[in-house]
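The opening residue of the sequence shown carries number 1 in this note's numbering; numbering runs sequentially from there.
Since the structure comes first, as structure tokens, the remarks are kept for the end.
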Amino acid sequence: MRRPERGPASKAGRGDRTGGPREHRPGGEAPSRAAKPGPRADARPEARNPAPAGTAPERLVLPAPAGALPASVAPVILTLEPSPDYALLDSGAGEKLERYGPLTVRRPENQAIWLRRLAARDWDGADAIFTGDIDEEGAGRWRFPKEPLGETWPLLQDGLSYHGRFTSFRHVGVFPEQAAHWSYAAGAIERAGRPVRLLNLFGYTGLASLLAARAGAEVTHVDASKKAILWARENQDLAGLADRPIRWICEDAVRYAEREVKRGSRYDAILLDPPKFGRGPKGEVWQIFDDLPYLMALMRALLSARPLFVILTAYSIRSSFYGLSALMQECFRGAGGTVEAGELLIREAGAEPRLLSTSLFSRWTPTP
1 MRRPERGPAS KAGRGDRTGG PREHRPGGEA PSRAAKPGPR ADARPEARNP APAGTAPERL
61 VLPAPAGALP ASVAPVILTL EPSPDYALLD SGAGEKLERY GPLTVRRPEN QAIWLRRLAA
121 RDWDGADAIF TGDIDEEGAG RWRFPKEPLG ETWPLLQDGL SYHGRFTSFR HVGVFPEQAA
181 HWSYAAGAIE RAGRPVRLLN LFGYTGLASL LAARAGAEVT HVDASKKAIL WARENQDLAG
241 LADRPIRWIC EDAVRYAERE VKRGSRYDAI LLDPPKFGRG PKGEVWQIFD DLPYLMALMR
301 ALLSARPLFV ILTAYSIRSS FYGLSALMQE CFRGAGGTVE AGELLIREAG AEPRLLSTSL
361 FSRWTPTP
């Protein structure tokens with residue numbers, strides 16, 4: 001999620017989403033305590049005593065899941081095909097050549113270890129090329145070979161209007177491979193035939209939130225970057241969804257989730273797109289391997305009695321989708337349903353298309 005500063009610039013890359021004020025969490029494990037009777041299964045979590053200044057905040061005491069593990073289906077491969085909205089034109093030698101609406105964009109891509117197929121003139125003739133010039137900021141780190149371009153340009157996602165933006169961390173404000181999650185979420189919301197409350201953590205520039213709201217959900221969108229929240233609000237206006245019920249929350253994701261648990265809030269659907277590392281607006285530190293299990297426990301506590309799904313995406317971590325699957329299964333022990341896990345891929349356009357792996361995911365759904 002991620003990542004170096006996202007602001008209108010950032011979610012640090014798919015290939016290396018690190019740093020940046022995405023939702024960031026408290027770091028470190030809670031200090032050990034003397035054994036005491038465990039909480040009742042139906043008990044509301046309680047906050048432990050405040051931590052001394054300079055130490056990591058203590059975590060809520062949450063009931064441990066009990067019962068049988070959910071069914072497991074893996075690997076599940078979700079592949080994005082070329083479309084008028086987006087296409088991966090070519091990749092290789094550590095870069096990728098993409099089409100975002102009317103513009104072709106050339107950017108780094110660590111996963112592309114193979115050879116390029118298109119001619120050098122196709123790569124050099126891109127509308128925008130990321131240079132990574134450390135002496136520049138924002139769009140200044142991009143080169144525009146054909147003609148000067150503004151910082152933003154109009155894009156569409158499944159008919160929804162939003163702005164792409166040339167950021168200083170090579171991102172453009174959307175991760176197209178997540179379209180599979182957006183489509184799944186929108187379909188589940190529409191089929192529910194009832195009011196649906198959706199929580200989107202590490203929401204970035206808001207496409208998932210906007211598509212869910214368009215499908216009929218009441219959305220709570222949380223991101224630690226003020227710039228990302230402003231960009232998301234801008235996208236809401238562009239999409240013509242200003243009247244939809246979306247709460248934009250600029251806050252550390254773990255801190256927000258903890259407060260929601262203590263308030264007794266419940267959500268029917270949850271999306272999470274956490275970074276590998278990040279810092280929150282008040283200096284909170286997020287390390288995915290240290291903090292994700294606790295965050296997932298909070299998500300279990302926030303689920304309503306009639307849940308639709310929980311979808312977790314992870315980038316640039318030394319793990320596999322089997323690891324995410326095991327975490328999700330343990331989190332939803334006793335809840336029934338199914339945990340699917342796999343990869344999000346993008347298929348190149350053209351003959352003999354290759355598949356570019358972008359991220360890992362795990363998805364829990366209840367038994368129908």
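C-beta: ideal position from N, C-alpha, C; glycine also.
- In this structure, Thr-205 is the residue among Glu-58, Thr-205 and Ala-301 with its C-alpha nearest to the C-alpha of Lys-227.
- Cβ contact annotation for Ile-270 (same chain, cutoff 6 angstroms, sequence separation greater than five): Leu-199, Met-299 and Val-310, in chain order.
- For Asp-133, same chain residues with a beta-carbon under 6 angstroms away, outside a window of 5 residues either side, are Arg-141 in chain order.
- Around the beta-carbon of Leu-155, 16 or more other beta-carbon atoms lie within 10 Å, marking it buried.
- Taking each of Leu-62, Tyr-184, Asp-85 and Glu-109 in turn and checking the Cα distance to Ser-359, the smallest one comes out for Glu-109.
- A straight-line Cα-Cα distance of about 11 angstroms links Glu-98 and Pro-176.
- CA-to-CA, the gap between Leu-89 and Glu-95 works out to about 11 angstroms.
- DSSP places Phe-277 in the uninterrupted beta strand (DSSP E) bounded by 277-279.
- In the structure shown, the three-state DSSP call for Tyr-184 is helix.
- Per DSSP, Asp-237 lies in no beta strand (DSSP E); the unbroken alpha helix (DSSP H) holding it starts and ends at 226-238.
- Membership of Arg-121 in the alpha helix (DSSP H) is indicated by the continuous run 120-124.
- The C-beta distance from Thr-338 to Ala-71 rounds to 4 angstroms, short enough to fall under 8 angstroms.
- Looking at Gly-342, Pro-63 and Glu-147, the one whose alpha-carbon comes closest to that of Gln-178 is Gly-342.
- Cβ neighbours of Trp-123 within its own chain (closer than 8 angstroms, five residues either side excluded): Asp-90, Glu-95, Leu-97, Arg-106 and Arg-116.
- Shown here, Lys-96 sits in a strand according to DSSP, grouped into three states.
- Excluding the 5 residues flanking it on each side, Gly-101 has same chain C-beta neighbours closer than 6 angstroms at Leu-155, in chain order.
- As computed with DSSP, Thr-167 is found in no beta bridge at all.
- A Cβ-Cβ contact shorter than 9 angstroms links Ala-68 with Arg-333.
- Close CB contacts of Arg-197 within its chain, under the 6 angstroms cut and outside five residues either way in sequence, are with Glu-218, Tyr-267 and Asp-268 (chain order).
- Contact between Leu-241 and Ala-212 is absent: CB atoms are separated by about 10 angstroms, not below the 8 angstroms threshold.
- Each residue's CA atom was taken as its position, placing Gly-164 and Phe-130 some 14 angstroms apart.
- Runs of the alpha helix (DSSP H) lying entirely within the segment 248-275 and spanning at least 4 residues, in chain order: 253-263.
- Ile-346 sits in a strand when the DSSP states are folded into three classes.
- For Leu-302, the enclosing alpha helix (DSSP H) stretches over residues 288-302.
- Shown here for Ser-325: same chain residues with a beta carbon closer than 7 angstroms to its own, the five before and five after excluded, namely Ser-72, Ala-74, Val-339, Ala-341 and Ser-362 in chain order.
- Under the DSSP assignment, Gln-329 falls in the alpha helix (DSSP H) whose first and last residues are 321-331.
- In the three-state scheme derived from DSSP, where H, G and I count as helix and E and B as strand, Ser-359 is classed as strand.
- The closest CA to that of Leu-308, considering only Arg-191, Asp-252 and Ala-224, is found on Arg-191.
- Taking the C-beta atoms as reference points, Leu-292 is found no nearer than 9 angstroms to Ala-257.
- Rounded to whole angstroms, the gap between the alpha carbons of Val-174 and Tyr-86 is 10 angstroms.
- Contact between Gly-336 and Pro-366 holds, with the beta-carbon distance rounding to 6 angstroms and staying under 8 angstroms.
- Secondary structure of Glu-218 (DSSP, three-state): strand.
- Scanning its chain for C-beta atoms nearer than 6 angstroms, with the 5 sequence neighbours on each side dropped, one finds around Thr-79 the residues Leu-345 and Arg-347, in chain order.
- Exclusion of the five residues before and after Ala-186 leaves Leu-211 and Ala-215 as the residues of its chain whose Cβ lies within less than 6 angstroms of its Cβ.
- Remark: C-beta atoms of Val-285 and Ala-253 do not approach each other more closely than 9 angstroms.
- Boundaries of the beta strand (DSSP E) around Ala-74: 71-80.
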